[in-house]
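> In mature numbering (1 follows the signal peptide of the UniProt record, and there is no 0), the protein residues as written are -23 to -1, 1 to 553. This is the structure I want to talk about, given as C-alpha cells.
See below:
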C-alpha cells in the first residue's frame, strides 16, 4: 500500500514538472470589428497582391530582407483547391524535419476542397531556388487539435502538418526550438522576430511582446492564456505579416518559437497583432509529433531523485494525504515577469519611447562601456564604444580631452556579466580623435582576452559601397548594463528633412525612430551595426541624440567614410 501511495505522489510530481495543460472549453467572446482585420479566407489574388504602405501611418513598415539562412524555420504553406488553378498561401513553422505547425482555421476552411498541399522551405521568394525544398502533404497528414471547433479562431486554433517525406537539414532549412517544459516565461517585453511573405519576397520585422492585460483587456483568461501579442509601436506595423507567421524570441541557445499569427491586422492600423501561444500546447505537441522537449538538467535530476527516494522509502510515509489542490494543473504557468529583458514604456505620452531590450551574454560582445576621469576635476565622462581589435576601441570624442591630457579611464568589456567582465585601463596619450568629425580611437593598456563574450566587430570592407538604406540597424546602448534596439536606416535626404536642426551630409548615417521605436537608453558612442550572411558589421557611432519623448532621427558618424583614418589610427586590417 505504501508503495502505491509513493508511486502516486511521484506521478503527481512528474506530471506537474512536465506542465500538463488542460483547460475547460468555453464559448468564444464576441468578434471584434472585422473591417480592420485581414480576411482569413483564401483569396486567389492574395498570393501576389502586395499591401501598400499607408502614408498616414508613420510606423507602417514592409520589414527587412532576410539573408539566406536567417529564418530557416519559416514554412510557406500552399494549398491547391480542386476548383482553382492557383495555390492559397499561408505560413507556418518547421518544428521537426517531419512536421509544420500553423493555425487550424485556414486548413479547416480548405479541407473540403483541398486537392493537395505543398510546403516550401528555405525560400526567400527573390527568384533564387538554390536553397529551396518543396514537400507535399495531403488531407490525411493534417492533425487538428481535438478541442478546435471551426470557425472559432480564439480557442485551440492550432494544427500540425505531417510532410510526405522528411525535410533535409541544411543552413537554410532547420527546425526551430520550442519552449522547454521547464520554461515558465511569459516573454513579456522581450523582442520577437516575425517573418512573413504576404507578397513576395519573404521579409521580417521585430516587435516587442506585450502583456496580455494591455493587449486584451477584459478578455477571459481561458481565452487569453492561449494567446500572445506583439506591440506594433515598438518595431513597426508589419505589412508582410501573414496568418501563421512565426513569432520567435532569442536567448543564449538561439531562437525559440513562442507564437503563430492568427489575428492579423492591416498595417494601416497600429492595433497589436495576436498570436497563438505555443507554450500552451506543449503537451499536445509532445503527444502528436516527434519533437523531443528539453528539460533543464536541474529539473530532470530532481525528478530522478524523487523517484529514487521514493523506492528507498524516504519521500513519503503512510500518513501523507494527497489534497485535491495538489493535482490541479494550470493552463498558463504562474506569471514570471521578464524584468531582465525590458522595462515597461517609461514615457506614456510617446508610444514609440522604449528602454530597449536587455542583451544576453555574448549577444553583442563588441560593446564597450568607457569611464574616464580628469585629474583637474572630480567629474568624469561616460560614453560607449565598439571593440574593433583586441587593442582598440572605436568611439565618439571624449569631452575636454584636448584641454586635459591627464585624463585616464577604464574600458569595461562584457559589462555586468560577472566573471566574463574585463576591465582594461587607458590614458589620454593613447587616444586619437578626428580633427573635424566626432569619431575617435582608444588604445587599451593591454590586449583584451577574446572569448564568446568579448569579441571585436567587423568594419565595412574596402569594397563595401553600400549606403545601408532600408536595412535593419541595431543600436547597443544602456547605462553600464547593455540594452539594444533595432531601427531602419534612413536615406540622408529623408534624415535631413525629418530632423529640425541637422543636415545629414555623407559623413553621417541616420536611423528612423518611427521604424523601430525611440530608444531611451542610447548613449554617445553607441555602436550601430547591420547583419549580413557573414556576420555583424559596424556602420556607425552615435553622434546626435534627441530625448526619446521626441521622434527625430538618431544620427551616427558613418564608419565607412573614415576607413583610411581608422587604418592610420589603429591596428585594424581592412578586408577588400
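Quick reminder that beta carbons are idealized off the backbone N, C-alpha and C, glycines included. Nothing here was measured: the structure is a model prediction, and the numbers come from that model.
Helix, strand or coil for residue 83? Go by DSSP, reduced to three states.
Residue 83 falls in the helix class under three-state DSSP.
> Go to residue 418, then tell me how far its beta strand (DSSP E) extends in each direction, as first and last residue.
Taken as a continuous stretch (DSSP letters only), the beta strand (DSSP E) holding residue 418 covers 417 to 420.
> Using the Cβ count rule (16 or more neighbours within 10 Å means buried), how would you classify residue 142?
Counting Cβ neighbours within 10 Å, residue 142 comes out exposed, since fewer than 16 surround it.
> State yes or no: is the beta carbon of residue 330 nearer than 7 Å to at least one beta carbon in chain B?
Here there is only one protein chain, and chain B is not present.
> Which residues mark the beginning and the end of the alpha helix (DSSP H) in which residue 245 is found?
Element bounds for residue 245: n/a, residue is neither H nor E.
> Taking the straight line between their C-alpha atoms, what separation do you get for residue 337 and residue 60?
Approximately 51 Å between the Cα atoms of the pair.
> Flag this pair as touching only if the stretch 179 to 199 and the stretch 119 to 126 have three or more C-beta atom pairs under 8 Å; answer yes or no.
Result no; under three Cβ-Cβ pairs closer than 8 Å.
> Between which two residues does the beta strand (DSSP E) harbouring residue 554 extend?
This structure cannot speak to residue 554, because the chain is shown only from -23 to 553.
> Please determine if the stretch 104 to 116 and the stretch 181 to 196 are in contact, where contact requires at least 3 C-beta pairs separated by less than 8 Å.
No: fewer than three Cβ pairs fall under 8 Å.
> Could you give the residue range of the beta strand (DSSP E) that holds residue 138?
Looking at the DSSP string, the run of the beta strand (DSSP E) that includes residue 138 is 136 to 139.
> DSSP has residue 193 in a bridge; who is on the other side?
None, per the DSSP bridge assignment.
> Can you give me the C-alpha to C-alpha distance between residue 249 and residue 207, rounded to a whole angstrom?
Near 6 Å, if we compare the C-alpha coordinates of residue 207 and residue 249.
> Within 8 Å, do at least three Cβ pairs link the stretch 236 to 245 to the stretch 129 to 143?
Contact between the stretch 129 to 143 and the stretch 236 to 245 is present, because at least three Cβ pairs lie under 8 Å.
> What's the C-alpha gap between residue 40 and residue 488?
One C-alpha to the other measures close to 14 Å.
> Tell me whether residue 127 is buried or exposed, calling it buried when 16 or more other Cβ atoms sit within 10 Å of its Cβ.
Residue 127 comes out exposed.
> I think residue 368 touches residue 424, with their Cβ atoms under 8 Å apart; what is that distance to the nearest whole Å?
With 8 Å as the limit, residue 368 and residue 424 qualify as a contact, their Cβ atoms being about 5 Å apart.
> Measure from the alpha carbon of residue 506 to the alpha carbon of each residue in 180, 498, 478 and 465, then state which is nearest.
Nearest option by C-alpha distance: 465.
> Since residue 422 contacts residue 402 with CB under 8 Å, what's their CB separation in whole angstroms?
Confirmed, Cβ separation roughly 5 Å.
> Pull up the CB-CB distance for residue 498 and residue 454, whole angstroms please, since I reckon it's below 8 Å.
Sure, about 5 Å apart at Cβ, within 8 Å.
> Please return the same chain residues whose Cβ sits closer than 7 Å to the Cβ of residue 309, not counting the five positions on each side in sequence.
Legend: pLDDT at residue 309 = 35, less than 50; position of this residue unreliable, value from coordinates given subsequently. Hits under 7 Å: 202 and 257.
> Hey, could you find the ends of the beta strand (DSSP E) residue 556 is sitting in?
Since the first residue of the chain shown is -23 and the last is 553, residue 556 is not available in this structure.
> Starting from the C-beta of residue 548, find all residues in its chain whose C-beta is less than 7 Å away, skip the five residues before and the five after it, and write them out in chain order.
Answer for residue 548: 366, 368 and 369, listed in chain order.
> Which residue or residues does DSSP assign as beta-bridge partners of residue 228?
In the DSSP output, where bridge partners are listed per residue, residue 228 has 231.
> Relative to the C-alpha of residue 360, which candidate in 243, 529, 387 and 494 has its C-alpha closest?
Of 243, 529, 387 and 494, the residue nearest in Cα terms is 387.
> Could you tell me the boundaries of the beta strand (DSSP E) in which residue 206 lies?
Counting along the chain, the beta strand (DSSP E) containing residue 206 begins and ends at 204 to 208.
> What are the boundary residues of the alpha helix (DSSP H) that includes residue 475?
Counting along the chain, the alpha helix (DSSP H) containing residue 475 begins and ends at 469 to 475.
> Which class does residue 333 belong to by DSSP, given the choice of helix, strand or coil?
Of the three classes helix, strand and coil, the one that applies to residue 333 here is coil, per DSSP.
> Could you check the C-alpha separation between residue 52 and residue 418 for me, to the nearest Å?
Using only the alpha carbons, I get a separation of about 45 Å.
> Suppose the cutoff is 6 Å on Cβ atoms and the five residues either side in sequence are ignored; what does the same chain contact list for residue 229 look like?
337.
> Leaving out five residues on either side along the sequence, give the residues of the same chain with a beta carbon under 6 Å from the beta carbon of residue 342.
430, 431 and 432.
> What span of residues does the beta strand (DSSP E) with residue 348 cover, start to end?
Per DSSP, residue 348 belongs to the beta strand (DSSP E) from 344 to 350.
> Cβ atoms of residue 438 and residue 484: under 7 Å apart, would you say?
Not in contact: residue 484 and residue 438 (Cβ atoms no closer than 7 Å).
> On the three-state DSSP scale, how would you describe residue 177?
Residue 177: coil per DSSP, three-state reduction.
> Which stretch, first to last residue, makes up the alpha helix (DSSP H) that contains residue 544?
Its alpha helix (DSSP H) spans residues 540 to 545.
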